[in-house]
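Following: one structure in structure tokens, then a few remarks.
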Amino acid sequence: MLGGISRILTQFTVMVWAHSKRAWRMRYNLVNWAIIDALWLLIFVFAGLAFTPPGDYVEVVPVLFFSVVMWSLMSTPVWSIGNWIKFYVAIGLMDEVEASSASHTLFLATRAIPSLAISLLSSLGVGLMLYSSTGVNIFSVRSPPLLALSLLILALMSTLYALGLAFIGLKLKVPAPSLDVMNLAMFFIGGVAVDVETLIWPLRLVAVLTPYSHPAEIMRYAVAGDRPYLGFQGELLASLLFLALLTLFVVVTRHVAYRDYRTMGPRGVGLT
Numbered sequence: 001m002l003g004g005i006s007r008i009l010t011q012f013t014v015m016v017w018a019h020s021k022r023a024w025r026m027r028y029n030l031v032n033w034a035i036i037d038a039l040w041l042l043i044f045v046f047a048g049l050a051f052t053p054p055g056d057y058v059e060v061v062p063v064l065f066f067s068v069v070m071w072s073l074m075s076t077p078v079w080s081i082g083n084w085i086k087f088y089v090a091i092g093l094m095d096e097v098e099a100s101s102a103s104h105t106l107f108l109a110t111r112a113i114p115s116l117a118i119s120l121l122s123s124l125g126v127g128l129m130l131y132s133s134t135g136v137n138i139f140s141v142r143s144p145p146l147l148a149l150s151l152l153i154l155a156l157m158s159t160l161y162a163l164g165l166a167f168i169g170l171k172l173k174v175p176a177p178s179l180d181v182m183n184l185a186m187f188f189i190g191g192v193a194v195d196v197e198t199l200i201w202p203l204r205l206v207a208v209l210t211p212y213s214h215p216a217e218i219m220r221y222a223v224a225g226d227r228p229y230l231g232f233q234g235e236l237l238a239s240l241l242f243l244a245l246l247t248l249f250v251v252v253t254r255h256v257a258y259r260d261y262r263t264m265g266p267r268g269v270g271l272t
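Residue numbers (the UniProt record's numbering): 1 to 272.
Following this line, the structure appears as structure tokens:
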């Protein structure tokens with residue numbers, strides 16, 4: 001058992017190093033991506049500020065900032081993993097990983113780690129703009145550990161979601177970002193952009209059934225002290241449940257995609 005854990009940790013370290021080295025070679029592209037991401041995030045930020053009285057900035061601005069950080073964490077892995085998986089197959093990396101008995105899923109999942117640098121850079125840019133325009137300290141939060149926990153849970157969820165979409169994209173011969181029609185809807189009506197409590201009843205039910213709403217509720221509790229819709233323990237349990245369901249989603253889609261690849265080669269996933 002210890003040998004298996006050691007092997008996984010070794011694979012993880014090597015894979016993160018490989019992705020990080022490639023990211024450093026393409027650092028100017030990553031900076032460009034981060035700038036574009038920040039500009040998109042600023043649209044949501046200033047749209048939210050337009051409907052906020054200046055007297056409420058101290059309470060609203062930190063929550064607004066971390067809501068758009070969550071949006072960045074939701075969307076970036078879909079592009080960084082989903083857009084890359086066909087390149088991964090086409091240049092023969094899948095065969096190399098298969099020959100070394102390494103984990104394909106781990107290799108793809110670790111690509112999300114360098115992509116988090118994009119979210120970090122874009123979020124810092126948005127934070128600086130918010131501070132310069134409102135004068136509010138966006139890092140004035142009630143519970144930094146719970147905030148970190150909520151962001152970690154959401155990053156794991158979005159990575160699992162991106163992996164599942166990537167595997168479905170291989171099977172259907174459709175790029176994963178083209179299949180990602182839910183993220184924007186989940187942001188606005190799924191309890192990420194606004195509190196679940198403030199939604200009308202049908203949308204409230206949709207939000208409770210949306211994975212991302214639960215770490216978002218924990219985030220608002222950590223930042224502003226707003227009571228989570230299901231209570232803190234309820235939101236934490238719901239988050240863990242959805243993490244388990246998303247893991248199952250990845251296992252099933254991976255099995256179907258790789259079965260076709262191993263049977264028919266690249267043609268099995270639409271690459272020839």
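Built from N, CA and C at the ideal position, the CB exists for glycine as well.
Have a look at residue i and residue j and give me their C-alpha separation to the nearest angstrom.
i           : j    : result
residue 273 : R227 : Residue 273 cannot be examined here, being either before or after the span of the chain that is shown, 1 to 272.
L30         : L120 : 11 Å
G135        : F51  : 17 Å
Q233        : R220 : 14 Å
Y28         : L205 : 43 Å
V223        : D260 : 46 Å
N183        : L165 : 12 Å
F249        : L209 : 16 Å
L49         : M186 : 21 Å
S100        : L9   : 15 Å
I43         : M74  : 17 Å
G207        : E197 : Checking the displayed sequence, the identity of residue 207 turns out to be Ala instead of Gly. The straight-line gap from Cα to Cα measures roughly 10 Å.
F167        : F12  : 20 Å
S67         : L172 : 32 Å
L230        : D195 : 12 Å
V16         : R142 : 33 Å
A47         : G225 : 23 Å
L160        : Y258 : 17 Å
W24         : V181 : 30 Å
G270        : L170 : Reliability of the predicted coordinates at G270 is poor, the pLDDT of 47 falling under 50, and no value is obtained from them.
A109        : V60  : 34 Å
T253        : S133 : 45 Å
Between the beta-carbon of residue i and the beta-carbon of residue j, is there less than 7 Å?
i    : j    : result
M157 : P77  : no
F65  : L130 : yes
I85  : R111 : no
M70  : L154 : yes
I138 : P202 : no
Kindly indicate the opening and closing residues of the alpha helix (DSSP H) around residue i.
i    : result
P220 : Strictly speaking, residue 220 in this sequence is Arg, with Pro absent from that position. Its alpha helix (DSSP H) spans residues 213-224.
A109 : 104-109
I168 : 144-172
N183 : 183-189
G125 : 112-134
I81  : 57-82
D37  : 27-50
A193 : First-last for A193: undefined, no H or E at that position.
L230 : Premise fails: L230 is in no alpha helix (DSSP H) and is neither H nor E.
L205 : 201-208
For the ligand GDP, any of its heavy atoms closer than 6 Å to the Cβ of residue i?
i   : result
A50 : The ligand GDP is absent from the structure shown, which contains no ligand whatsoever.
*How about the segment 16-35 and the segment 98-106: do they share at least three Cβ pairs that are nearer than 8 Å?*
no
_Below 8 Å, how does it come out for the segment 115-132 and the segment 34-44: are there three or more Cβ pairs, yes or no?_
Of all C-beta pairs linking the segment 115-132 to the segment 34-44, three or more are shorter than 8 Å, placing the two stretches in contact.
*the segment 107-117 touching the segment 139-150, judged by at least three CB pairs closer than 8 Å*: These segments do not touch.
*Is it a yes or a no for the segment 187-202 touching the segment 243-251, going by three-plus beta-carbon pairs under 8 Å?*
no
*Between the segment 202-220 and the segment 234-241, are three or more C-beta pairs nearer than 8 Å?*
yes
*Check whether the segment 46-63 touches the segment 87-94, counting contact only when three or more Cβ pairs, one atom from each stretch, lie closer than 8 Å.*
The segment 46-63 vs the segment 87-94: no contact.
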